[in-house]
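In our numbering, the protein residues as written are -3 to 359.
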């Protein structure tokens, strides 16, 4: 052990992002383990490693006695007084018990243990870093595709984008740069396992926070998100400043803010609607781009009856019921849509549609 060791430790700590003290403590533990394998070693010994020179010694604490019965734990008074005449029976003496020719075998054992401990420390640091970012957005490069799983390089580690979290209309190939939502971070024996998503409603929320400074700063609040990934989404926003138009701010100058998000999600259509504390107003807004004539609500049952112009019925319902289904997810209300003619006659019709909130549609 020498100054070269200290320099090597400093290089390693920079590369791995681990504090030097963690490495030195690991080295001391490794050296101690190597010492304990030596014949006649003191099992209560400890190692001190000089952080500046890299030199180390093994010490054992022994009790000063008149007559030694246990050499591992005791030292004769005469021997102790050779070190310092002030020692008396009952005192504790630190004795250098470093074996001769210990350096080479100790260095080999220490190296192996240091590598292992560095890996563990590095994994722990990576885990803590990404665990603290659960629910956040992250950018990575597609590294490879194995079966239906996509592995994304995050720099310090890789994440898994499983089939259920992939947008059905997207294809992924090595080298693609994508933004994902961190769903869960688990500790495993092989390091942290990071599960990411492209379909989670939280991804859309985080993308708007990135693109719209007013949301990030809290001036505009994003109240709810509903997604059918790759197809269409709706978000509800409200401004805490009467002078700022929440919907306009999210759309951005010439629609650039929302267009950036649409591009990131590969042309997923996004409806931005104004949230309102009045459920009838909020439900009417949620059915945008359809125009609504009236909304009757039942607060207890959380159901609503919406009347739209005849020519707006198909728009309000949407292709395969998508618009009304997303509105129900967004508002957390059951929505029954009727055309003006149906409402006047009060006759059941195949065109009348009911949509219920689905749990996975909540933001």
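Ideal Cβ positions, reconstructed from N, Cα and C, are used throughout, including at glycine.
Look at the alpha carbon of residue i and the alpha carbon of residue j, and state the distance between them as a whole number of angstroms.
i           : j           : result
residue 269 : residue 336 : 23 Å
residue 118 : residue 294 : 56 Å
residue 261 : residue 153 : 24 Å
residue 272 : residue 236 : 12 Å
residue 401 : residue 139 : The question about residue 401 has no answer, for the chain in this structure spans -3 to 359.
residue 398 : residue 179 : Missing from the structure shown is residue 398; the chain here goes from -3 to 359 and no further.
residue 5   : residue 20  : 8 Å
residue 26  : residue 218 : 53 Å
residue 305 : residue 315 : 17 Å
residue 86  : residue 76  : 11 Å
residue 308 : residue 190 : 45 Å
residue 36  : residue 133 : 57 Å
residue 376 : residue 321 : The structure shown does not extend to residue 376, since the chain is modelled only from -3 to 359, so the question has no answer here.
State the start and end residues of the unbroken alpha helix (DSSP H) segment that holds residue i.
i           : result
residue 207 : 197 to 207
residue 320 : 318 to 327
residue 63  : Premise fails: residue 63 is in no alpha helix (DSSP H) and is neither H nor E.
residue 79  : 73 to 79
residue 32  : 16 to 32
residue 162 : Per DSSP, residue 162 belongs to no alpha helix (DSSP H) and is neither H nor E.
residue 311 : 309 to 313
residue 256 : 252 to 260
For the beta strand (DSSP E) that residue i lies in, which residues bound it at each end?
i           : result
residue 187 : 187 to 193
residue 42  : 42 to 45
residue 218 : 216 to 224
If you run the structure through DSSP and keep just helix, strand and coil, what is residue i?
i           : result
residue 278 : helix
residue 126 : helix
residue 244 : helix
residue 92  : strand
residue 211 : helix
residue 331 : strand
residue 111 : helix
residue 288 : coil
residue 175 : strand
residue 49  : coil
residue 340 : helix
residue 234 : strand
residue 283 : coil
Examine chain B for any beta-carbon lying closer than 8 Å to the beta-carbon of residue i, and answer yes or no.
i          : result
residue 24 : Given the protein chain composition of this structure (a single chain), no chain B is represented.
Count the other C-beta atoms from every protein chain shown that fall within 10 angstroms of the C-beta of residue i, then say buried if there are 16 or more, exposed otherwise.
i           : result
residue 356 : Note that residue 356 scores a pLDDT of 43, beneath 50, so its modelled location is shaky and nothing firm can be said.
residue 126 : buried
residue 230 : buried
residue 253 : buried
residue 264 : buried
residue 240 : exposed
residue 15  : exposed
Which residues does DSSP list as the beta-bridge partners of residue i?
i           : result
residue 266 : 229
residue 147 : 140 and 156
residue 293 : 300
residue 70  : 59
residue 181 : 190
residue 135 : 175
residue 54  : 43
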